[in-house]
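S.K.: Just so we're aligned: 1121 in our numbering is position 240 of the sequence shown, and the numbers increase by one with no gaps anywhere.
Yeah, the Cβ is synthetic: ideal placement off N, Cα and C, and Gly gets one too.
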Amino acid sequence: MSPQLTNDPQNRNKSNSPGSAPATSEWRETSAGDQVRIDLVTSSRRWLELPGSLSTMELKRRLWHMLPGLLPIASYIYPHKDPLSPTFQKIAAGLIVGIAALLLWRYKTIRRTGEQAELSAVFGYSVSILATLLLFPKHAELGMLVLCVLAFGDGMATTIGLLLRGPRLPWNPEKSWAGTLAFVGFGGYLASLAYWAESQPRASWSIALTCGFAAAVVAAVAESLPSRVNDNVRVGIASAVTAVATHAMVVGL
């Protein structure tokens, strides 16, 4: 039997009688005889709805963007010492170059309409990480920190910005406060975690959080600025310079 609709669970047979008052709620009778108010169900669903959405293409783009962020986990599992040995440097460089090549190959399938600067996007992402690792082999935690800021800070800024939308930044209407705060929150915490996990001897949490969030805040500001330079380039340079400077002040190089 198909469910019956009515506006009053107690007087379903009277709901359609002539002269009856307009209904303010609609009820559905289930196959088990239970009564469910349709307006309440609809209202509860509205609470779960987000102002924005992610297209399938944009979701794939975000996943590819955050994929390299898994490298700090592999580095934590793989036993190694500081400074990085030539062998480990070659392995790390090979992985980063390989991921960059894969991203470049897949870029045409996930780029946005009118977007052409795939080389600057991919190389801006990889060069800042690789340069930090190779220039400071005694402090591989700096390279992993930069990687997480790029992968998760920049990645989640776009994701949360598109989903929540909300008030725009006064200096750049194309960016939102939700996205910028997501950049700092996700990027700062995960960068701090990567810094802590990679540091040898193990850094304190206060030092890790200082370096991670300092880099994330400066990188978030750089990402939010209206500029024709690809944001991967801006975020990579800003996070690398800030991470190295902060580390030098609180720990030393």
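#1: Quick check on the burial criterion: 16 or more other C-beta atoms within 10 angstroms. Buried or exposed for I828?
#2: What distance in whole Å lies between the Cβ atoms of A1097 and G1117, which are believed to be in contact at a cut-off of 8 Å?
#3: Distance check for A1100 and R1115, CA to CA, integer angstroms please.
#4: Excluding the 5 residues preceding and the 5 following S1120 in the sequence, name in chain order all residues of the same chain whose CB lies nearer than 6 Å to its CB.
#5: Let me know the secondary structure DSSP gives A1124 once reduced to three states.
#6: Using CA coordinates, which residue listed in G1042, L952, Y957 is at the minimum distance from R1083?
#7: If you scan the stretch 998-1033 from start to end, which runs of the alpha helix (DSSP H) of 4 or more residues do you find wholly inside it?
#8: Who are R1049's beta bridge partners in DSSP?
#9: Can you tell which of T1091, V1008, L1043, H946 has the C-alpha that lies nearest to the C-alpha of G975?
#10: With a 10 Å radius around its C-beta and 16 neighbouring C-beta atoms as the bar for buried, classify G1133 as buried or exposed.
#11: First and last residue of the alpha helix (DSSP H) that includes P953?
#12: DSSP three-state label for R1083, please.
#13: Under 8 Å: do the stretch 1051-1063 and the stretch 955-973 share three or more Cβ pairs, one atom per stretch?
#14: Go through its chain and collect everything with a Cβ distance to A981's Cβ below 8 Å, but skip five positions before and after it.
#15: Taking only three categories from DSSP, how would you classify G1066?
#16: When burial is assigned at 16 or more other CB atoms within 10 Å of the CB, is S936 buried or exposed?
#17: Can you give the Cα-Cα distance for L1015 and E1022, rounded to whole angstroms?
#18: Measuring alpha carbon to alpha carbon, tell me which of S1080, F1064, S1001 ends up nearest R1109.
#19: Does the beta-carbon of L944 have 16 or more other beta-carbons within 10 angstroms, so that it is buried, or is it exposed?
#20: How big is the Cα-Cα spacing for V922 and L1071?
#21: If you draw a straight line from the alpha carbon of I977 to that of L940, how long is it in whole angstroms?
#22: Within the 7 Å Cβ cut-off, does A982 reach chain D?
#23: Report the rounded CA-to-CA distance for G1036 versus N1113, giving the unit in angstroms.
#24: With a threshold of 7 Å on Cβ separation, who are the neighbours of A1124 within its own chain once the five nearest residues in sequence on each side are excluded?
M.R.: This is what the structure holds:
#1: For residue 828 there is no data in the structure shown, the boundaries of the chain being 882 and 1134.
#2: Not confirmed; about 13 Å, so no contact.
#3: 7 Å
#4: V1027, V1030, A1096, A1100
#5: helix
#6: Y957
#7: 999-1016, 1021-1029
#8: S1057
#9: V1008
#10: exposed
#11: 952-958
#12: coil
#13: no
#14: V1003, F1004, Y1006, S1007
#15: helix
#16: exposed
#17: 12 Å
#18: S1001
#19: exposed
#20: Residue confidence for V922 is low, a pLDDT of 46 falling below 50, so the modelled location carries little weight and cannot support an answer.
#21: 22 Å
#22: Among the chains in the structure shown there is no chain D, since it carries only a single protein chain.
#23: 10 Å
#24: L1023, L1026, V1027, C1092, A1096
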